[in-house]
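The structure under discussion appears below in the form of structure tokens.
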Amino acid sequence: MLFLTILWKIRRLIDSMEDLAKYGPAKKPDKQCIDTYQTDDHGNLINDKIQRGPYYCMDPTGRRTGEAPEPKLAEIINREISKARQVVNAKAQVEKKQVVTKQFFQETLDSLRGAVMIAFPEGLPEWDDVGYILKGEWEIDGRTMEAFDDKAELWWAGKQMEQGQDKKLSDYLGKNDKTKIVCKLQKPGGGAPQREPAIDERTQKEMMAFYHKKQEELKKLEEDDEDNHLGSVWADPRQLKQHLQGTDAVRWK
1 MLFLTILWKI
11 RRLIDSMEDL
21 AKYGPAKKPD
31 KQCIDTYQTD
41 DHGNLINDKI
51 QRGPYYCMDP
61 TGRRTGEAPE
71 PKLAEIINRE
81 ISKARQVVNA
91 KAQVEKKQVV
101 TKQFFQETLD
111 SLRGAVMIAF
121 PEGLPEWDDV
131 GYILKGEWEI
141 DGRTMEAFDD
151 KAELWWAGKQ
161 MEQGQDKKLS
171 DYLGKNDKTK
181 IVCKLQKPGG
191 GAPQREPAID
201 ERTQKEMMAF
211 YHKKQEELKK
221 LEEDDEDNHL
231 GSVWADPRQL
241 KQHLQGTDAV
251 RWK
């Protein structure tokens, strides 16, 4: 479950850093969506427009100041973001047969942190999401304990896959590294999850329709016990001989 938490953290950080590179640091929560004029401490409008930097890019959501870093620094952030996307791409890691560990993900977080420090050496405002996540103070909307339970049980094929350093997937699946399985998470003490049906509902309906059609065809064959087919050309035992002699087109009256 720890890996899931780190993955979620990196993905959330990637999204926030993309906005940081494009629109700059976050505004104060009470100043968000105010991007044209300033107000004093009493909420009164100040007529003078806000002074903008050379790389200003207005945030359409109004959450960030728009004071983006210079393009070279923004490129550093975007380059590290691109690398981080590959790290959290499960399919890419499986294809490369990459062994993932806590240290593997931590190196990615350190690289992202370094890119932010290079682009913003003076630091980010305390209310910026990027700073929250890098400091480890970010929570998943108060649902961390509900979403990630360290005591959760992993089940596969009706068996619980025990946790521990001495346990490997090969203990349950064998040595075939091309095996693909589908596991389920259960609450502690919840027992084995309900087995899924071997076929989905759509396939089952198609199979039932095919079976019903076959039954109808067999029923019609049983009812049709006449020998009318014996008068057909294909039922004539002399047809092959007549065809070879060239007399199959001759009709006798």
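Residues 1 to 253 (UniProt numbering) are what the sequence shown spells out, left to right. Virtual Cβ for every residue (Gly too), placed ideally from N, Cα, C. Every value quoted in this text rests on a predicted model; they were computed, and no experiment measured them.
Buried or exposed (CB count within 10 angstroms, at least 16 for buried), residue i
i	result
Phe210	exposed
Leu244	exposed
Asp129	buried
Gly246	exposed
Lys27	buried
Thr65	buried
Gly142	Confidence at Gly142 is low in this model, with a pLDDT of 48, below 50, so its placement is unreliable and the value that follows should be read with caution. Its Cβ having fewer than 16 others within 10 Å, Gly142 is exposed.
Leu221	exposed
Ile133	buried
Pro25	buried
Glu80	buried
Asp166	exposed
Leu124	buried
Leu218	exposed
Gly136	exposed
Asp177	exposed
Asp200	exposed
Alpha helix (DSSP H) segment containing residue i, residue limits
i	result
Met208	Glu201 to Glu223
Lys72	Pro71 to Val87
Gln106	Lys102 to Ala119
Gly131	Asp129 to Leu134
Asp171	Ser170 to Leu173
Residue i - containing beta strand (DSSP E), residue span
i	result
Gln160	Lys159 to Met161
Gln186	Lys184 to Gln186
Collapsed DSSP secondary structure at residue i in the structure displayed
i	result
Arg238	coil
Leu154	strand
Lys178	coil
Ala26	strand
Arg64	strand
Tyr55	coil
Trp8	helix
Lys96	coil
Glu126	coil
Glu18	helix
Leu244	helix
Lys91	helix
Lys31	helix
Supposed close pair residue i, residue j - CB separation, criterion 8 angstroms
i	j	result
Gln186	Glu162	Going by Cβ atoms, the distance from Gln186 to Glu162 rounds to 13 angstroms, so no, they are not a contact pair.
Phe105	Ile10	7 angstroms
Met17	Val87	Rounded, the Cβ-Cβ distance is 14 angstroms, inconsistent with contact.
Pro193	Lys184	4 angstroms
Ile14	Ala84	6 angstroms
Lys55	Glu70	Checking the sequence shown, residue 55 turns out to be Tyr, not Lys. Going by Cβ atoms, the distance from Tyr55 to Glu70 rounds to 6 angstroms, so yes, they are a contact pair.
Trp155	Tyr172	Rounded, the Cβ-Cβ distance is 11 angstroms, inconsistent with contact.
Ile77	Leu7	That pair is no contact at about 20 angstroms.
Glu67	Gly53	5 angstroms
Gln32	Arg12	Not confirmed; about 19 angstroms, so no contact.
Cβ of residue i within 8 angstroms of any chain C Cβ
i	result
Lys220	Although the question refers to chain C, the structure presented lacks it and comprises just one protein chain.
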